[in-house]
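Chemist: Structure in structure tokens, see below.
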Amino acid sequence: PTSNVATIENNALVIEGVSRCRNALLNGQITDYDWDNGYTCHQLNNGAITIQLPQPYLIDSMRLLLWDLDDRFYSYYIAVSTDQTDWTEVVDKRAKQCRSWQLLKTKSLLCRDISFKLLAIRWLRSSTFVTR
2 PTSNVATIEN
12 NALVIEGVSR
22 CRNALLNGQI
32 TDYDWDNGYT
42 CHQLNNGAIT
52 IQLPQPYLID
62 SMRLLLWDLD
72 DRFYSYYIAV
82 STDQTDWTEV
92 VDKRAKQCRS
102 WQLLKTKSLL
112 CRDISFKLLA
122 IRWLRSSTFV
132 TR
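In our numbering, the protein residues as written are 2 to 133.
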């Protein structure tokens, strides 16, 4: 990515997902996180993490940090929308075991909403998904 449009300063919002601090996913802090703060999550098979951008943008790449303070792996997919009704899947990692930083290239698409849905976690003691 050449610039980050999903930031607090750019008026992006987390409209779905759980966090102790609502803007933890968008505050730009990528090193100071632990079990108590600095992440956003959703329960397996229930909901997603959804970011709403302040206006539609052409998006062709994304970078995200999956929880990396233990040895778990994640399977997930990402869909984008301009209206929160019609979604287009842009990333499919359902059959992969993903960890830590993800650099994702996609076909250039206009989007205002980005939804991240966790499908599976390997080596997990609970049913909560964590991402940064």
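We put the CB at the ideal spot given by N, CA and C, even for glycine.
All values reported here derive from a predicted model rather than from experimental measurement.
Smallest Cα separation from Arg113: which of Trp68, Arg64, Leu54?
Modeler: Of the candidates Trp68, Arg64, Leu54, the one whose C-alpha sits nearest the C-alpha of Arg113 is Leu54.
Chemist: Looking at the structure shown, is Val19 part of a helix, part of a strand, or coil, going by DSSP?
Modeler: Of the three classes helix, strand and coil, the one that applies to Val19 here is strand, per DSSP.
Chemist: Along the chain, where does the beta strand (DSSP E) that runs through Val81 open and close?
Modeler: Start and end: 74-82.
Chemist: With three or more beta-carbon pairs closer than 8 Å as the criterion, would you say the stretch 26-45 touches the stretch 88-99?
Modeler: Judged by Cβ distances under 8 Å, the stretch 26-45 makes no contact with the stretch 88-99, as fewer than three pairs qualify.
Chemist: Taking the alpha-carbon of Asn12 as reference, which of Ser20, Cys22, Ile52, Val19 has the nearest alpha-carbon?
Modeler: Ranking Ser20, Cys22, Ile52, Val19 by Cα distance to Asn12 puts Ile52 first.
Chemist: Rounding to the nearest angstrom, what Cα-Cα distance links Ile60 and Lys108 in this structure?
Modeler: Distance between the alpha carbons of Ile60 and Lys108: 8 Å.
Chemist: Have a look at Leu65, Gln56, Tyr58 and flag the residue whose alpha-carbon is nearest the alpha-carbon of Thr32.
Modeler: Measuring from the Cα of Thr32, the nearest candidate turns out to be Leu65.
Chemist: Gly18 to Ala49, Cα distance in whole Å?
Modeler: Going from the Cα of Gly18 to the Cα of Ala49 covers about 6 Å.
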